[in-house]
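Input: a single structure, listed below in structure tokens.
Numbering (my numbering), first residue to last: 142 to 393.
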């Protein structure tokens, strides 16, 4: 298989069009290359890579609790990279499965509930972070995971008949990623969510750099993540409550 064909399998053009605005993902793709090559050479399954990613999240949290913060943040970063590898490996080996999708979602949920909150706990134990801010971080993280999994938009909604505000709400789900082409503002809302809330976001990349070089700024970044989570949780709740109102989603 030629290099161009390999690139198309590992990193399809649909993903490239989306991720061009999520710079940290591009860095992940580059860093994942040696791990992907080794996984192919050793014939490791994508699901096993997913389990490694999950294990690394817990390991990172444990290291932070022991005050090995830099080691913990690097292990957490490695977990994110492995989460990137499992999808690439699944596409190369054509070993996609329902279990693989569930493990991918589980890893993302664990990152939200354990990754960032572990940083907040480290700040609380070793850097005098307010207990109220710690509580806020846990509340934001758990709410974000719960709402993301509990509320689902109907995938049968006709995008062409959806009003502008309805499109903003639907754009928060990856199932409706194509809706971003309909408006610059809608695209901005989607990419703000990706960059401020998820493990693929530029904000997490800034947290990595800050944790290594400027740990005194971490508390502000963790608070920003939590505020962003609450904002998008509120958006999803409102959209889920309003989705049955035809006047919101369907044009006259």
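Built from N, CA and C at the ideal position, the CB exists for glycine as well.
Residue i (DSSP reduced to helix, strand or coil)
{"i": "residue 237", "result": "coil"}
{"i": "residue 178", "result": "helix"}
{"i": "residue 256", "result": "helix"}
{"i": "residue 348", "result": "helix"}
{"i": "residue 268", "result": "coil"}
{"i": "residue 250", "result": "helix"}
{"i": "residue 288", "result": "helix"}
{"i": "residue 355", "result": "coil"}
{"i": "residue 274", "result": "helix"}
{"i": "residue 163", "result": "coil"}
{"i": "residue 374", "result": "helix"}
{"i": "residue 387", "result": "Residue confidence for residue 387 is low, a pLDDT of 45 falling below 50, so the modelled location carries little weight; the figure read from the coordinates is stated next. Reduced to three states, the DSSP call for residue 387 is helix."}
The alpha helix (DSSP H) enclosing residue i, as first and last residue numbers
{"i": "residue 336", "result": "325 to 338"}
{"i": "residue 154", "result": "154 to 160"}
Residue i CB to nearest heavy atom of the ligand SAM below 8 angstroms
{"i": "residue 176", "result": "Summarising the ligand content, the structure contains no ligands, and the ligand SAM is consequently not present."}
Checklist entry - Would you call the region 325 to 332 and the region 233 to 249 touching, i.e. three or more CB-CB distances under 8 angstroms? => result no
Checklist entry - Taking contact to mean at least 3 C-beta pairs separated by less than 8 angstroms, is the region 187 to 204 in contact with the region 332 to 340? => result no
Checklist entry - Any chance the region 265 to 280 sits against the region 221 to 230, with 3 or more Cβ pairs inside 8 angstroms? => result no
Next on the checklist: At 4 residues or longer, what runs of the alpha helix (DSSP H) sit wholly inside the region 185 to 243?
Outcome noted: 187 to 206, 210 to 234
Item to check | Given 8 angstroms, three or more beta-carbon pairs between the region 337 to 351 and the region 160 to 178 | outcome: yes
Next on the checklist: Is it the case that the region 359 to 373 contacts the region 181 to 192, given that we only count it when at least three CB pairs across the two stretches are under 8 angstroms?
Outcome noted: no
Next on the checklist: For the structure I just gave you, are there three or more beta carbon pairs, one from the region 252 to 269 and one from the region 354 to 366, closer than 8 angstroms?
Outcome noted: yes
Checklist entry - Should the region 199 to 215 be called in touch with the region 174 to 182, which here means at least 3 C-beta pairs below 8 angstroms? => result no
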